[in-house]
Amino acid sequence: MSVHPSIHPSIHDRGGVDLPDEAGATGNPSDTERASVADQSLLAPQRQALILEAIRKAGAVRVAELVEQFGVSDMTIRRDLDALVRQGAVQKVHGGAIAVGAASTDEPGFDVKSELEESTKAALADAAAQRVEPGSVVALSAGTTTYAVASRLLEIPQLTVVTNSLRVADLLWAAGSDGRENVPSLLLTGGTPTRSAALVGALADQTIRTLHVDLLILGVHGVSEQAGLTTPNLAEAQTNRALIASARRTVVVADHTKWGVVGLSSFATLADIDCFITDDALPAPARSTLADTVGELVVVPTTA
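Residues -11 to 292 in this note's numbering are what the sequence shown lists, from first letter to last.
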């Protein structure tokens, strides 16, 4: 499917910020800094203080860089960042953290995001697809996790899929062209494409407002207790609001890396979510917050 600057609605019946590049992102550490961060015997508060200092100096850090510098595990660094987030000292973004006040205003493209947490997204997609009833009308927002969900919908009969995702539309259209059975009827909202292959803007919003869907499966850029669901794109936030308003039930699919990430614009509160599907790497405090706020919390086992 070719992408045009503005795409009109069509129906076919077929029966947390990308951080800067690592080079120059944090500068070259001094000999003293190298010696400090290489010490694996640091207590967690000491390590967190050094991480916070690095973020304040450079504006951002990557998890992979911190793992190498401190000689600890990925999960240890993520727990350190979670602790700093709870203190209000930093904000988590895709792949690392940024200084407070540097809200995420940029969004990586679809291909970049598709390489993140692939196996986890597959497990979340399986869990989401189990909540789809045959013969229902399902809306899929744009995103790599919802794209994974779309592939599972090919096994469910008599569906109608509404989407503002060019990638989801391409997948469903290709399946129909290959002669597969049970391919859902497809309604593409129309609108203006974003870097992440989402169709947004007035045309998309107007189309969605006329629709009534049984279930919305929604991917997100970031989730936090205070900000709720967020995205760096103002137009996409508005389109997501329209999708939520059109649906009887809203299911959010978000892996643990999305927690604590705050994009520029909020489009829903945690209380607006009927079901939140995530993985078991999500920290316990975040699970507790979600369990107390959303309609249903589903934690999918993905770690050994």
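For glycine and all other residues, C-beta sits at the position ideal for the given N, C-alpha and C.
{"Check": "Test: Asp202 CB closer than 8 Å to a CB of chain D", "Outcome": "The question asks about chain D, but that chain is absent: this structure has only one protein chain."}
{"Check": "8 Å contact criterion, which Gly179 and Ala192 should meet: CB distance rounded", "Outcome": "3 Å"}
{"Check": "C-alpha distance - Ala230 paired with Leu128, whole-angstrom precision", "Outcome": "12 Å"}
{"Check": "Residue span of the alpha helix (DSSP H) that contains Ile144, given as start and end", "Outcome": "Per DSSP, Ile144 belongs to no alpha helix (DSSP H) and is neither H nor E."}
{"Check": "Candidates Gly123, Ala138, Asp62: closest to Asp114 by CA position", "Outcome": "Ala138"}
{"Check": "Beta-carbon spacing of Phe255, Val286 below 8 Å", "Outcome": "no"}
{"Check": "Three-way DSSP call (helix, strand, coil) for Ala215 in this model", "Outcome": "coil"}
{"Check": "Residue range of the unbroken alpha helix (DSSP H) whose run includes Ala256", "Outcome": "Unbroken run through Ala256 is the beta strand (DSSP E), 253 to 256; no alpha helix (DSSP H)."}
{"Check": "Own chain, CB closer than 6 Å to Arg237, minus 5 neighbours either side, in chain order", "Outcome": "Leu203, Asp262"}
{"Check": "C-beta contact flag for Val60 and Val125 at 8 Å", "Outcome": "no"}
{"Check": "Per-residue DSSP class, three states only, for Ser276", "Outcome": "helix"}
{"Check": "First through last residue of the alpha helix (DSSP H) which encompasses Asp68", "Outcome": "62 to 74"}
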